[in-house]
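Enquirer: For the record, the sequence lines run as chains H and W. The number in the working numbering is simply the position in the first sequence, starting from 1, with 1215 added. The number in the working numbering is simply the position in the second sequence, starting from 1, with 25 added. Here a beta-carbon is modelled for each residue, glycine too, at the ideal position from N, C-alpha and C. The structure is given below, and queries will be raised subsequently.
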Amino acid sequence: MIYKILLTIWMAVIIIASFLYAGAAAGFPGETSRILFFHVPQAWIATLAFLISMIASAVYLGKRRVKADYLAQSAAELGFLFCILATITGSVFAKATWGAFWNWDPRQTSIVILLMIYGAYFSIRSAVSDPDRRRVFAGVYSILAFVTVPFLVFVVPRITISLHPENTMNPASPGMDPKTLKVFLGSLFAYTGLFVWMLRLKIRVLTIEGLRKPNIL
Amino acid sequence: MPDSRCESPGSNTSGIRDRVSARHEVKLALNDSQITDNDSRNGGRRMKEGLSFVMGVNLIIWCGIALYLFILDRRIKKLEERNTDT
């Protein structure tokens, strides 16, 4: 319980610091660069969640533990949610900097493909009625789906010409202000904590539902 | 004050070179707009007011999400206790 209260306070501190403590990055209109503190952690959580889903699916296929399937399903759902949030915040940034919410930039196109791939994961889960077969199909698909994640998130936007800011927003770049870096890392930490909280809640819900209706889940 | 917004580069289909030059134009336009914002006192004040508003909205949204998660946590706990009792 204490970590949840601390996380609530920490996230509020990060929100205040991202607007009052950290400065706006040069080369972006007005204060738009502050979206870095929200958009990038959301994308990071989406990638992390898909990775967890893939590992949990592999564990389920190896050991046939239902808890592993609950973890895989929960992580995939949260990954999908954070991927949508990253897409929305990215579109807001695109409107402010490029003049349009959507212009089929390689980064935008690859995130849409990723959303479609993980959308199909939920279709598979809802299409198969037998719980054991559903878990196996979903597990295999989750592993195959994750193969595309590094390619779509890291490779495609870098081998094609994209308007998406890379160096200016990259924490490893020497141009990043130390204050910005502090808030950015704090935000990554806060979002990871939030993800863990949500993931545990979702697993607990699935466990209760599994106990009540064992044939459905 | 120059308009910082420009045409969507994705709509220009005349090739990679056009996209690269469009990117440079975007950056130049953005730099110009930032200088004017910083120089203009009224513009700066307006920007700060807007920033406080966005920060306030963000905080309210976060408080709402956190409250929802706490309530959800408590409800799930009750359901878990009920399940262990039965």
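What three-state label does DSSP hand K103/W in the structure shown?
Expert: The answer is helix: DSSP assigns K103/W an H, G or I state.
Enquirer: Any chance the segment 1237 to 1244 of chain H sits against the segment 1256 to 1263 of chain H, with 3 or more Cβ pairs inside 8 Å?
Expert: Because the criterion of three Cβ pairs below 8 Å is not met, the segment 1237 to 1244 of chain H and the segment 1256 to 1263 of chain H do not touch.
Enquirer: Buried or exposed, going by whether 16 or more other CB atoms sit within 10 Å of the CB of E1292/H?
Expert: Under this definition E1292/H is a buried residue.
Enquirer: What residues from chain H crowd round E106/W, counting only those whose CB sits closer than 8 Å?
Expert: Within 8 Å Cβ-Cβ: nothing; E106/W doesn't reach chain H, min ~11 Å.
Enquirer: May I ask you to report which of helix, strand or coil DSSP gives H1254/H?
Expert: In the structure shown, H1254/H sits in a helix (DSSP, three-state: H, G or I).
Enquirer: Taking only beta-carbon positions, decide if F1234/H is within less than 8 Å of chain W.
Expert: Chain W, which has a Cβ nearer than 8 Å to the Cβ of F1234/H, makes this yes.
Enquirer: Could you name the residues of chain H that I101/W contacts, counting a contact when the two beta carbons are closer than 8 Å?
Expert: What I101/W touches in chain H: L1416, R1419, V1420 and I1423.
Enquirer: Within the continuous alpha helix (DSSP H) that includes L1378/H, where are the two ends?
Expert: That residue, L1378/H, is in no alpha helix (DSSP H); it is neither H nor E in DSSP.
Enquirer: Answer with yes or no whether the minimum CB distance from A1246/H to chain W is below 8 Å.
Expert: Correcting the residue type first, residue 1246/H is Glu in the shown sequence and not Ala. Yes - at least one Cβ of chain W is within 8 Å of the one on E1246/H.
Enquirer: With a CB to CB cut of under 7 Å and the five nearest residues on each side skipped, what residues in its chain are close to W1412/H?
Expert: Same-chain partners within the cutoff: K1219 and L1222.
Enquirer: How close, in whole Å, do the beta carbons of G1238/H and D1347/H come, if the pair is a contact with beta carbons under 8 Å?
Expert: That pair is no contact at about 55 Å.
Enquirer: In three-state DSSP terms, what is F1308/H?
Expert: Reduced to three states, the DSSP call for F1308/H is helix.
Enquirer: Rounding to the nearest angstrom, what Cα-Cα distance links V1368/H and L1329/H in this structure?
Expert: Between V1368/H and L1329/H, the C-alpha separation is close to 9 Å.
Enquirer: Taking L84/W as the reference, give the member of K1397/H, K1278/H, A1232/H and T1422/H with the closest Cα.
Expert: The option with the nearest alpha carbon to L84/W is A1232/H.
Enquirer: Decide if L1334/H is buried, meaning its Cβ has at least 16 other Cβ atoms within 10 Å, or exposed.
Expert: At residue 1334/H the sequence reads Gly, which differs from the Leu that was named. The residue is exposed, with fewer than 16 neighbouring Cβ atoms inside 10 Å.
Enquirer: In chain W, which residues lie with their C-beta within 9 Å of the C-beta of L1426/H?
Expert: Those are N108, listed as they occur along chain W.
Enquirer: Closer than 8 Å, CB to CB, is M1391/H near chain W or not?
Expert: By this cut-off, M1391/H is not an interface position.
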